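Student: For reference, the structure I am asking about is given below.
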Amino acid sequence: MRIKGFVVAMMAVFAMAPAAIPAPSKNASMVTGSATSQPIGHYDFCQTHRAECGSNRNSGPVAMTGAKWATVRTVNATVNRTITPMTDKEIYGKDEVWAYPTTAGDCEDFALLKRRILIQRGFSPADLLMTVVRKPDGEGHAVLTLRTAEGDFVLDNLATEVKPWFSTPYTFIKRQSSFNAGRWVTIENGRDVLVGALK
């Protein structure tokens, strides 16, 4: 992926991105529980990206503005459009490889790239949490959760729109701790349980 082309693409989407701020809801935020197992792919990722898997300074969910929402929507749409969806098996010949994509990637790779770009744009790592969910057909999936003062929102490679977490069709299983990017916690109100390929 060429940086210049990516920036141009982001600017184009930014020009079209709506800046409306979503209304709060009584189900706005996920309820997290106890510490739980770290996905094996993320564990391996942390072995080579240790600086990205340590303690976070958690000052509470980000207070969003129209400009911040536009940035989030732009990043989500641009990464979705720029990266070609491919499975880990197709790319690496094995499952559960979490990595930053350049031209192609699996669902978790999309989420990792969005997280990195938004951190570069000034968002706190404590508000950008890798999240494991289950699709209605039972297949495991990964998305990026954005913690905001209005609630939790999902950036998904299967949807251009950034949605409140409770408006997605998924069962939410676990996510990174907002206090430590290398630790994971359960999601108590995530609807169901269990996903495969976990450590």
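Okay, so the sequence shown: first residue is 40 according to the numbering used here, each after it adds one. Yeah, the Cβ is synthetic: ideal placement off N, Cα and C, and Gly gets one too. Because the structure is a prediction, the values reported are computed rather than measured.
On the three-state DSSP scale, how would you describe Ile9?
Tutor: Given a span of 40 to 238 for the chain in the structure shown, any question on residue 9 remains unanswerable.
Student: Mind reading off the beta-carbon distance from Val136 to Gly80? Whole number of angstroms is fine, and I expect it under 8 Å.
Tutor: In this structure, Val136 and Gly80 form a Cβ contact; the two beta carbons are roughly 6 Å apart against a cut-off of 8 Å.
Student: Let me check understanding here. Comparing Cα to Cα, which of Thr104, Cys146, Gln215 lies closest to Asn115?
Tutor: Cys146
Student: Name the one or two DSSP bridge partners that Ile130 has.
Tutor: Partner(s): none; Ile130 has no beta bridge.
Student: Just verifying my parser: in three-state terms, what is the DSSP assignment at His88?
Tutor: coil
Student: Would a C-beta distance cut-off of 9 Å place Thr187 and Val193 closer than the cut-off?
Tutor: No, they are not a contact pair.
Student: May I ask you to verify whether the stretch 118 to 134 touches the stretch 201 to 211, counting CB pairs closer than 8 Å and requiring at least 3?
Tutor: no
Student: Please go through the same chain and pick out, in chain order, the residues whose beta-carbon is closer than 6 Å to the beta-carbon of Thr170, but skip the five residues on each side of it.
Tutor: Here the set comprises Val182, Thr184, Arg214.
Student: Might you give, ordered along the chain, the residues of its own chain that have their beta carbon closer than 8 Å to the beta carbon of Asp166, omitting 5 neighbours on each side?
Tutor: Pro100, Val101, Leu185, Arg186, Thr187, Ser217
Student: Determine the direct distance from the alpha carbon of Pro78 to that of Arg96, and round the result to whole angstroms.
Tutor: 22 Å
Student: Locate the beta strand (DSSP E) running through Phe192, then write down its first and last residues.
Tutor: 190 to 195
Student: Might you give, ordered along the chain, the residues of its own chain that have their beta carbon closer than 7 Å to the beta carbon of Ala54, omitting 5 neighbours on each side?
Tutor: Any reading at Ala54 must be qualified, since the residue scores a pLDDT of 45, below 50, and its modelled position is unreliable; the value itself is stated next. Once the five neighbours on either side are set aside, Ala54 has no close Cβ partner at all.
Student: Note the first and the last residue of the continuous beta strand (DSSP E) segment covering Lys213.
Tutor: 210 to 215
Student: Threshold first: 4 residues or longer. Then list the alpha helix (DSSP H) segments lying entirely within the stretch 143 to 174, N to C.
Tutor: Runs of the alpha helix (DSSP H) lying entirely within the stretch 143 to 174, each at least 4 residues long, are 146 to 159 in chain order.
Student: With a CB to CB cut of under 7 Å and the five nearest residues on each side skipped, what residues in its chain are close to Pro175?
Tutor: Pro208
Student: Going by the CB atoms, is the gap between Val201 and Leu157 shorter than 9 Å?
Tutor: no
Student: Where does Gly186 sit, in a helix, a strand or coil, going by DSSP?
Tutor: Sequence inspection shows Arg at residue 186; the Gly mentioned does not correspond to that position. Looking at Arg186 - three-state DSSP - the assignment turns out to be strand.
Student: What's the gap between the Cα of Gln87 and the Cα of Asp148?
Tutor: Residue identity differs from the one stated: residue 87 is Thr in this sequence, not Gln. Going from the Cα of Thr87 to the Cα of Asp148 covers about 15 Å.
Student: Within a Cβ cutoff of 7 Å, which residues of the same chain sit near Lys153, ignoring the five residues on either side of it in sequence?
Tutor: Closer than 7 Å at the Cβ level, and outside the excluded window around Lys153, lie Val114, Asn115, Val118, Leu183, Leu194.
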